[in-house]
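Trainee: Just so you know, the sequence shown maps onto residues -27 to -1, 1 to 372 in mature numbering (1 follows the signal peptide of the UniProt record, and there is no 0).
The beta-carbon is built from N, C-alpha and C at its ideal position, and this holds for glycine as well.
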Amino acid sequence: MSRSLLRRTLPLSALAAGLALGQSALATGTPGAPVTRIAVTMTGKDGGTCVLDHDSAPAGPVTFVVTNRSAPAISEMELLSDNRILGEKENLAPGLPPVRFTVTLDGGEYQIYCPNAAQDTIAFSVSGHIAQRAQGTTADLLEEGTKGYAHYVDGMVDAMVTGSKVLQAKIDAGDLAGAQTEYAKVRPFYERIESDVEGFTLPGSDPTDNAGNLDYLIDMRASNLDPAVGWHGFHAIERDLFQRGEITDDTKALAAELTTNATTLQHLSAELRYRPEDLANGAASLIEEVQSGKISGEEEAYAHIDLVDFAANIEGAQQAFAFLSPGMKQIDPDLTQRVDARFGAVKAMLETYRDPQSLGGYARYTASLRASDARKLSHTIQALQEPLSQIAEKVATAG
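#1: Just list the residues that DSSP pairs G151 with in beta bridges.
#2: By how many angstroms is the C-alpha of A142 removed from the C-alpha of E171?
#3: Can you check whether the CB of I287 is closer than 9 Å to the CB of K225?
#4: Return the first residue and the last residue of the alpha helix (DSSP H) that T309 is part of.
#5: So N41 is in the beta strand (DSSP E); what residue range does that whole segment cover?
#6: Hey, quick one: how far does the alpha helix (DSSP H) through S351 stretch, first residue to last?
#7: Just the Cα atoms here: how many angstroms apart are T16 and I47?
#8: I'd like the list of long-range same chain contacts for T119, defined as Cβ closer than 8 Å, with 5 residues on each side in sequence excluded.
#9: Do V139 and E155 have their CB atoms nearer than 9 Å?
#10: Around the C-beta of G(-6), are 16 or more other C-beta atoms found within 10 angstroms, so that it is buried, or is it exposed?
#11: Around the C-beta of A201, are 16 or more other C-beta atoms found within 10 angstroms, so that it is buried, or is it exposed?
#12: Which complete alpha helix (DSSP H) runs does the segment 67 to 138 hold, if anything under 4 residues is left out?
#13: Quick check: G80 and G60, are their CB atoms within less than 9 Å of each other?
#14: Mind checking whether S168 and S258 have CB atoms under 9 Å apart?
#15: Just mark L93 as buried or exposed, buried being the case when its beta carbon has 16 or more other beta carbons within 10 Å.
#16: Could you check where the beta strand (DSSP E) with K62 kicks off and where it finishes?
#17: Tell me where the alpha helix (DSSP H) around I210 begins and ends.
#18: Along the chain, where does the beta strand (DSSP E) containing V263 start, and where does it finish?
#19: Look up K53 in the DSSP assignment and say whether it is helix, strand or coil.
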């Protein structure tokens, strides 16, 4: 993810050289790219098709040039390896100019992923090897993971700023339906990294005063309001858009304030540095957030897109774990495998709620759905919580 839109991850074997950001079917092109440039073209064929002109490349820098020609259903393309997002383009609308990102890839198997595609995943192979420093100790592997995760967090905040501006523009234009759509699009960026950035305060403010607490100002729910400060941020906007069904001058002021606070968060969070246990603790906190706010339906009380937030929390936790995995495989390979399998089970369960016609791509989390499925959702999350909770201590004591 680059700062212009969304910069994601820089894992051990893939260093983003200039990463910027950006759902239908996926088809392969001819094998063996003669040059290290891969064209990814999206069209409306078969309800939406994502086509690669080549499905392999030699090791080294690879540039992905992404063009959405005529596929309204497609808005994102990701490059994946072992559950890590190495590069991504989001907010891809038909007719926009091509966008690109460059990553340095070592030999191995990767995947190109276009969410909501009829065939959404394709194998992408890299042959040969790039020159790398010798693999160091477990501590070195964990340290490398923290650096990659820091780029992931930066990218999520960058994308949140971009999404907040788009949401503000829809609200300023009085476009209620458009604003509702953009609200569902921007929410996941914060939910993926909330546990990492929720401790920031406005410069010069009292850390004990909610008036300067950025997490309060960005993400406070009605159930926990501070009467002295009032309601701000995403959920105050959610109330206007979904419960009241109207855009007022107050809504416009809330949207402008959200953009300002998101931009402040962007500047502050850019200086974050992590220890391995921070990643583990953050992942555990996101899973706890699912149990406490998403399954209960409290998070999105008016929009009912709790499953969108649920999925974002899971992705954020899985990204933190994925960056620890190279070191964890040396510390405790059995536990690493167990956590990975539990993440897989949660994601498979979430797939059953996919609904391309609903805001955010998941079924509305109505009272009836909550009554029928909350127990199942909770049990699946609990099965992940237990092994995941063991990671922090293990990485904190690794040497």
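Mentor: If we stick to the structure as given:
#1: According to DSSP, G151 bridges with nothing at all.
#2: 25 Å
#3: no
#4: 306 to 324
#5: 33 to 41
#6: 340 to 361
#7: 9 Å
#8: R246, Y247, R248, P249, D251, L252, F296
#9: yes
#10: Low confidence applies to G(-6): its pLDDT is 32, below 50, so where it sits in the model is not reliable, and the reading given next is rough at best. G(-6) should be labelled buried.
#11: exposed
#12: none
#13: no
#14: yes
#15: Here residue 93 is Asp; the residue named in the question, Leu, does not match the sequence. D93 comes out buried.
#16: 57 to 63
#17: 207 to 211
#18: No beta strand (DSSP E) holds V263; DSSP gives it neither H nor E.
#19: Correcting the residue identity first, residue 53 is Leu in this sequence and not Lys. It is a strand residue.
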